[in-house]
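S.K.: Below: one structure in structure tokens.
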Amino acid sequence: MKEDFKKRTVITPEGKPLEIDPVKDYFSDARPKVHKPANPVIEKFANWARANSLWVLGFGTGCGAIEMRPLMTPRFDAYRYGIQWRPTPRQASVFVISGYLSVKTLKRVVRTYEQMQNPKFVVGLGSCTINGGMYWDSYNTINRLDHYLPVDVYIAGCMPRPESLLHGFEELKKIIKEGRGEGANKYAEEFDWYKANQKKVIKDWDMPDYNW
Amino acid sequence: MKSLLNNIKSRFSIKDVTEQRSNLVFIDVARESAVPLITYLRDYEGMTHLVLLTAADWIEENEFQLTYLLNNPEQKFDIGVRVRISREKATMETAHHLWEQVATYQRELKEMFGIDFPGSPGVDKPFILEGWDDLPPYRRDFDTKKYSEDTYFPRPGRESNDPAEYMKKKMYPNEK
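So the sequences go chain by chain: A and B.
The first sequence: position 43 = 128 (the working numbering), numbered continuously.
The second sequence: position 44 = 46 (the working numbering), numbered continuously.
Structure below.
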């Protein structure tokens, strides 16, 4: 466990000693829960609304992040499809894994993904997220993203052009409207399997198991 | 350049000099005279800029080769100081007192090649690989493909259709 997460005594501004346990104080100790859709009519309406306001987390993991910039700007202008970029995981619903993912970044990606609110969707951008791409035999990049996070849409290419990204987002919208965008529930159902895979590659696991 | 080489030759024992271009010379020196030579070049010959510090793995000769590439910004030429160290006991004198950024290069070399630089600040802290527990990955006896296959769940090869066969089956299903 990292120094920041260890139990320790700190001195408050008033000069009193205070025992803190960051893992207990800042993080939940409950497993993720499965939230099944209750009322199909309401769920259908909610899915329509979700699909038409995709808020993407501005987190570029690899070289693919460069394709997300022209997407925002007037030439491709993804805002007209209801897609916009947000600065924090709490505000975002779509996580675009853009390109190759090193183990060091995977650790940050797992933390970020778990902090996002349900329902959340993952888009794997580029060949690297599918089978490792040109880094398939690298000692430091993962090969298959779907072993660590539930992926809704893959966009193949190295790099995929902004047009194919837009197409991928349209596919994601279709999936959400049909009620198949259940990644967060899948993550909760197979939580142990995902955690085991993550811990297999992240060898210095120095964070809490539940990052929310 | 000529006078500079003569100056060095009169002061240090040089193994070999390779003139790559008119503005790039490599000097091979023994391990113990490498850091003194770099110090001399920086303080008396105007090689004030360190371009890079890198290593190469000569596994057949059981040696690592370190290259300190120095630049003279006034007269616009480079000198590479090359030094061979043993692969088994891979340690080298630190040079972070000459340029601060050398400590970062040395940290990287420690992690990627396993070359130790005792006394260099933060040399044992992880640089890119966090919690690495295998051979240092830039060593040539480290099998990166095997490591990747064992660790990262390789996707099994996809089935591919020969286009001619596929079209034959689709258009003339009855023909053999």
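For glycine and all other residues, C-beta sits at the position ideal for the given N, C-alpha and C.
For A:D237, does the three-state DSSP call read helix, strand or coil?
M.R.: Looking at A:D237 - three-state DSSP - the assignment turns out to be coil, as it is neither helix nor strand.
S.K.: Measuring straight from C-alpha to C-alpha, what distance separates B:T106 and B:V125?
M.R.: Approximately 8 angstroms, taken between the alpha carbons.
S.K.: Please report the distance separating the alpha-carbon of B:L43 from that of B:N9.
M.R.: So the two alpha carbons sit approximately 10 angstroms from each other.
S.K.: Any idea which residues DSSP pairs A:I168 with across the strands?
M.R.: Partner(s): A:L139.
S.K.: Looking at the C-beta of A:W140, does it have a partner C-beta in chain B at a distance below 9 angstroms?
M.R.: So no, A:W140 is outside the interface.
S.K.: Of all the CB atoms in chain B, is at least one closer than 9 angstroms to the CB of A:I287?
M.R.: Taking Cβ atoms only, chain B reaches closer than 9 angstroms to A:I287, which makes this a yes.
S.K.: Of the residues B:V19, B:I87, B:K178, which one's Cα is nearest the Cα of B:E65?
M.R.: Of the listed residues, the one whose Cα sits closest to B:E65 is B:I87.
S.K.: Anyone know if the C-beta pair for A:M201 and A:A177 falls short of 9 angstroms?
M.R.: Yes; because the gap between Cβ atoms is below 9 angstroms, this pair is in contact.
S.K.: Interface residues of chain C around A:D222 at Cβ under 7 angstroms?
M.R.: The structure shown has no chain C; the protein chains it does contain are A and B.
S.K.: Would you kindly work out how many angstroms separate the C-alpha atoms of B:F28 and B:Q22, rounded to a whole number?
M.R.: If I take the Cα positions, the gap works out to 7 angstroms.
S.K.: Tell whether a beta-carbon distance below 9 angstroms holds between A:T226 and A:S183.
M.R.: Not in contact: A:T226 and A:S183 (Cβ atoms no closer than 9 angstroms).
S.K.: Under a CB-based cut-off of 9 angstroms, is A:N282 close to chain B?
M.R.: Yes, A:N282 counts as interfacial toward chain B.
S.K.: Identify, in the order they occur along the chain, each residue of the same chain with its Cβ nearer than 6 angstroms to the Cβ of B:G82, setting aside the five sequence neighbours on each side.
M.R.: Contacts found: F28, T69, L71.
S.K.: For B:N163 and B:Y149, what's the separation of their Cα atoms in angstroms?
M.R.: Each residue's Cα considered, the two are about 30 angstroms apart.
S.K.: For A:L230, collect the residues of the same chain with a Cβ closer than 7 angstroms to its Cβ; drop the 5 residues on either side in sequence, then sort them by chain order.
M.R.: Same-chain partners within the cutoff: I182, L186, G209, T214, V236.
S.K.: Identify each residue in the region 182 to 205 of chain A for which the Cβ-Cβ distance to at least one residue of chain B is less than 9 angstroms, and report them in chain order.
M.R.: Result list: S187, V188, K189, K192.
S.K.: Determine whether the beta carbon atoms of A:A136 and A:L257 lie at a separation below 9 angstroms.
M.R.: Contact flag set, yes.
S.K.: Taking Cβ positions only, does A:T226 come closer than 9 angstroms to chain B?
M.R.: Output row for A:T226: interface = yes.
S.K.: Quick one: grab the DSSP three-state call for B:G82.
M.R.: Strand.
S.K.: The beta strand (DSSP E) spanning B:A58 covers which residue range?
M.R.: Element bounds for B:A58: 51 to 60.
S.K.: Assuming A:G211 and A:M244 form a contact by the criterion Cβ under 8 angstroms, report the distance between their Cβ atoms to the nearest whole angstrom.
M.R.: With a Cβ gap of about 6 angstroms, A:G211 and A:M244 count as contacting.
S.K.: Considering just the uninterrupted stretch of the beta strand (DSSP E) at B:S15, what are its terminal residues?
M.R.: Here B:S15 belongs to no beta strand (DSSP E), and DSSP marks it neither H nor E.
S.K.: Rounded to the nearest angstrom, what separates A:S313 and A:N296 at their Cα positions?
M.R.: A question about residue 313 of chain A goes unanswered here, because the residues of chain A that appear run from 86 up to 297.
S.K.: Taking a contact to mean a Cβ-Cβ separation below 9 angstroms, would you say A:T190 touches A:L142 in this structure?
M.R.: Against a cut-off of 9 angstroms, the Cβ pair of A:L142 and A:T190 comes out as no contact.
S.K.: Against A:N216, what residues of chain B qualify as contacts under a CB-to-CB distance less than 7 angstroms, listed in chain order?
M.R.: Going along chain B in sequence order, the residues near A:N216 (Cβ under 7 angstroms) are R157.
S.K.: Please report whether the beta-carbon of A:H252 lies at a distance below 9 angstroms from any beta-carbon of chain B.
M.R.: It does not; no Cβ of chain B falls within 9 angstroms.
S.K.: Select from A:V188, A:S223, A:H120 the residue whose C-alpha is nearest the C-alpha of B:L131.
M.R.: For the residues A:V188, A:S223, A:H120, the minimum Cα distance to B:L131 belongs to A:V188.
S.K.: Return no unless some Cβ of chain B is closer than 9 angstroms to the Cβ of A:H232.
M.R.: Closer than 9 angstroms to some Cβ of chain B, the Cβ of A:H232 qualifies, so yes.
S.K.: Could you check whether the Cβ of B:L131 sits closer than 9 angstroms to any Cβ belonging to chain A?
M.R.: It does: the Cβ of B:L131 has a partner Cβ on chain A nearer than 9 angstroms.
S.K.: Can you find a C-beta in chain B that's less than 9 angstroms from the C-beta of A:R229?
M.R.: Cβ-Cβ to chain B under 9 angstroms: yes for A:R229.
S.K.: Beta-carbon separation of B:E95 and B:A36 under 9 angstroms?
M.R.: Result yes, Cβ atoms of B:E95 and B:A36 sit closer than 9 angstroms.
S.K.: Should A:Q283 be labelled buried (16 or more other beta-carbon atoms within 10 Å of its own) or exposed?
M.R.: Answer is buried; the Cβ neighbour count reaches 16.
S.K.: Let's test the definition: count the other Cβ atoms within 10 Å of the Cβ of B:N73 and tell me whether it reaches 16, buried, or not, exposed.
M.R.: Counting Cβ neighbours within 10 Å, B:N73 comes out buried, since at least 16 surround it.
S.K.: I'd like to know whether the C-beta of B:T106 is nearer than 9 angstroms to at least one C-beta of chain A.
M.R.: Judged by the 9 angstroms Cβ criterion, B:T106 is not in contact with chain A.
S.K.: Strictly by DSSP, which residues pair up with B:T69?
M.R.: In DSSP, B:T69 forms a bridge with B:T56, B:R84.
S.K.: Assuming B:Y140 and B:M169 form a contact by the criterion Cβ under 8 angstroms, report the distance between their Cβ atoms to the nearest whole angstrom.
M.R.: That pair is no contact at about 47 angstroms.
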